[in-house]
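Numbering (the numbering used here), first residue to last: 35 to 140.
Backbone N, C-alpha and C fix where the C-beta goes; we use that ideal spot for every residue, glycine too.
Note that the structure is a prediction, hence the values are computed from the model and not measured.
Step one of this worksheet: look at the structure below.
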Amino acid sequence: MDPFTFDYEDLHLRVDRGVFELFGPRGSELRVPLRWLGALVHYKKPDRPGTLLIGTVRDPDAALYGTDRAAFWYSTSPAFQVPPDDEPLFRAYFTEVAALADRRVV
Numbered sequence: 035m036d037p038f039t040f041d042y043e044d045l046h047l048r049v050d051r052g053v054f055e056l057f058g059p060r061g062s063e064l065r066v067p068l069r070w071l072g073a074l075v076h077y078k079k080p081d082r083p084g085t086l087l088i089g090t091v092r093d094p095d096a097a098l099y100g101t102d103r104a105a106f107w108y109s110t111s112p113a114f115q116v117p118p119d120d121e122p123l124f125r126a127y128f129t130e131v132a133a134l135a136d137r138r139v140v
């Protein structure tokens, strides 16, 4: 199976053989097994861009996308802002990733 990728501006996300990889601006990188992956676009104000958070969750039964911020064991923000209109693109990608990992999204 070919790697499953998603590109958005300077961000490259990739899933290959059960491992999620993030390659972002300024050399930011992250590798996480799908079992422990958590992702969220966190909005402080609905009409402003949100912050992309990706990392590991404490409990592998936590949602893969839409993860509660308190569920993260470790998270990183690759200094990436997501406008509200583009959040569905991330949700669609992580929904497919969740299906590959037999996990849920919120």
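6 angstroms CB neighbourhood of residue i in its chain, flanking five on each side removed
| i | result |
| --- | --- |
| glycine 84 | Val75, His76, Tyr77 and Val116 |
| aspartate 44 | Pro59 |
| alanine 97 | Arg138, Val139 and Val140 |
C-alpha gap between residue i and residue j, whole angstroms
| i | j | result |
| --- | --- | --- |
| alanine 73 | arginine 103 | 9 angstroms |
| arginine 82 | phenylalanine 114 | 13 angstroms |
| aspartate 36 | proline 94 | 25 angstroms |
| arginine 92 | proline 67 | 13 angstroms |
| proline 122 | alanine 133 | 16 angstroms |
| serine 109 | aspartate 119 | 23 angstroms |
| leucine 47 | proline 80 | 25 angstroms |
| glutamate 63 | aspartate 136 | 24 angstroms |
| threonine 101 | threonine 90 | 10 angstroms |
Rounded distance between the beta-carbons of residue j and residue i, thought under 8 angstroms
| i | j | result |
| --- | --- | --- |
| valine 53 | arginine 65 | 6 angstroms |
| glutamate 40 | tyrosine 99 | For the sequence presented, residue 40 should be read as phenylalanine rather than glutamate. Between tyrosine 99 and phenylalanine 40 the Cβ distance is about 12 angstroms, and since that is not below 8 angstroms, they are no contact. |
Residues near residue i by beta carbon distance below 8 angstroms, same chain, minus five either side
| i | result |
| --- | --- |
| threonine 129 | Tyr99 and Val139 |
Identity of the residue in the options nearest residue i by Cα
| i | options | result |
| --- | --- | --- |
| tryptophan 70 | Phe106, Leu86, Phe57 and Pro80 | Phe106 |
| phenylalanine 124 | Asp136, Ile88 and Ala135 | Ile88 |
| leucine 86 | Thr101, Ser111, Arg51 and Ser62 | Ser111 |
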